[in-house]
Amino acid sequence: MTCPFLREAAVKYCETAAFRKLIPLAAAGRADEKCDSAAHGDCPVFRLQNQEAGSGGCPYLRESLMQYCGAAPVARFVPYSESLLSRCGNDGFRYCELYLQMAHPEPFASDTSAIAAPDWLRYSANHMWLDATDDGSCHVGIDAFLSRALGEVDAISYVWERGRHRPAVVLTTAGLDVEVVFPNPLLLTNCNRYLRADPSKLSSDPYTGGWLFEGTPVEGSLDGLMSGAEARAWMEEEQRRINEFLQSWPSPENVPAMCDGGLFAAGVLRQIGRSQGLALVHEFFSPYANGKRDPQ
Ligand code: SF4
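Following the working numbering, the numbering of the sequence shown begins with 2 at its first residue and continues without gaps.
What follows is the structure, encoded as structure tokens:
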């Protein structure tokens, strides 16, 4: 699927000009009549080619089909082949900042009793998601469970931005550095730099604008991940487990205030003490948490 804002246009350009100026055919008018007629013989660029001018249009005038982003304030034309390689020509458009700003897709909000877990994503047991699309690209982020536990994130530091690695990021909340590591390797091509300036999307849109890494799957990238009914059942069990974990802490008198209906309170890691927070991170979000899950 391609981005709904991706447009196409036929353009003209001069093959010999040092600077390739693209003119959409719909907008072509007086300025380029010279190229289309015998007047091209007066063109200084044509004269440099040492050719006789013919009676028709210039032989160096070319036409091509280009694509451009209809949501961008200034159209930048790109050849078809390039746009298909970028996120505009595949399902990756769902993670484009411009698309998200213009289309305002519905966020996948958790309700008062259940954490949202979109069906098309695959989840690791330490609460990260991977979206692998048919065109061979993928995105990685944290799920709504981890996002809710963190609450407001103060800073983001990417451990890796490119290359073949297990995607890893340090999320800082209330002075606690939470290192989150996706359990499988990927060929990383990009990370979400917008989040460094404004991490709020990690809390408000963990499944879209709050994505963390972009890349290409390699052997083993999808190993051990959950999806569909299995993921939903696991998420329910995780909700039960975290409530039990919080209630079992040596100072449970704080816990009722932290619960919101059936769900643990948003930003619970900001509300409990450091040692309790570290234990919670270790139990639910560390690579150890991922290893604890029995293979199905
Ligand atoms: S830049 Fe973004 S909004 Fe524009 S066409 Fe590409 S994916 Fe769509």
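Glycine included, every Cβ here is placed at the ideal spot set by N, Cα and C.
As the structure is a prediction and not an experimental result, all values here were calculated from the model.
**Prompt:** When you compare each of D136, K22, S56 and A104 to G90 by their alpha carbons, which one comes out closest?
**Reply:** D136
**Prompt:** What are the start and end residues of the beta strand (DSSP E) that includes H166?
**Reply:** G164 to H166
**Request:** Please report the residue range of the beta strand (DSSP E) in which C1 lies.
**Result:** Here the chain has residues from 2 to 297 only, and residue 1 is not among them.
**Message:** At 4 residues or longer, what runs of the alpha helix (DSSP H) sit wholly inside the segment 55 to 87?
**Reply:** 81 to 86
**Asked** Are the beta-carbon atoms of G152 and S205 separated by less than 8 Å?
**Response** no
**Prompt:** So what does DSSP say about A236, is it helix, strand or coil?
**Reply:** In the sequence on display, residue 236 carries Met and not Ala. Here M236 sits in helix by DSSP.
**Item:** Alpha-carbon to alpha-carbon, Y124 and A234
**Value:** 12 Å
**Message:** Taking DSSP's pairing of strands, which residues face E107 in a bridge?
**Reply:** Partner(s): none; E107 has no beta bridge.
**Message:** Once DSSP output is grouped into helix, strand and coil, what is the label at P45?
**Reply:** helix
**Prompt:** Buried or exposed: M227, going by 16 or more other Cβ atoms within 10 Å of its Cβ?
**Reply:** buried
**Item:** Beta-carbon contacts of N185 that lie in its chain and below 6 Å, excluding the five residues immediately before and after
**Value:** G221, S222 and D224
**Request:** Would you list, in sequence order, the uninterrupted alpha helix (DSSP H) runs of no fewer than 4 residues that lie entirely inside the segment 186 to 244?
**Result:** 195 to 198 and 201 to 205
**Prompt:** For the ligand SF4, is there a heavy atom less than 7 Å away from the beta-carbon of F246?
**Reply:** no
**Item:** Residue burial classification, D155 (beta-carbon count within 10 angstroms, cutoff 16)
**Value:** exposed
**Asked** Expressed to the nearest angstrom, what Euclidean distance is found between the alpha-carbon atoms of R269 and W161?
**Response** The sequence given here has Val at residue 269, not Arg. The straight-line gap from Cα to Cα measures roughly 27 Å.
**Nearest neighbour of G93, chosen from G278, E53 and P5 [CA to CA]** = P5
**Item:** Nonlocal neighbours in the same chain, by C-beta distance under 7 Å from T174, ignoring five residues either side
**Value:** L151, G152, E153, V154, D155, L270 and R271
**Prompt:** Near G164, what residues of its chain come up, given a Cβ to Cβ distance below 7 Å and the 5 sequence neighbours on each side ignored?
**Reply:** L189
**Prompt:** Taking 7 Å as the cut-off, is the CB of L99 close to at least one heavy atom of the ligand SF4?
**Reply:** yes
**Request:** Look at F47 and A39 and say whether their C-beta atoms are less than 8 Å apart.
**Result:** no
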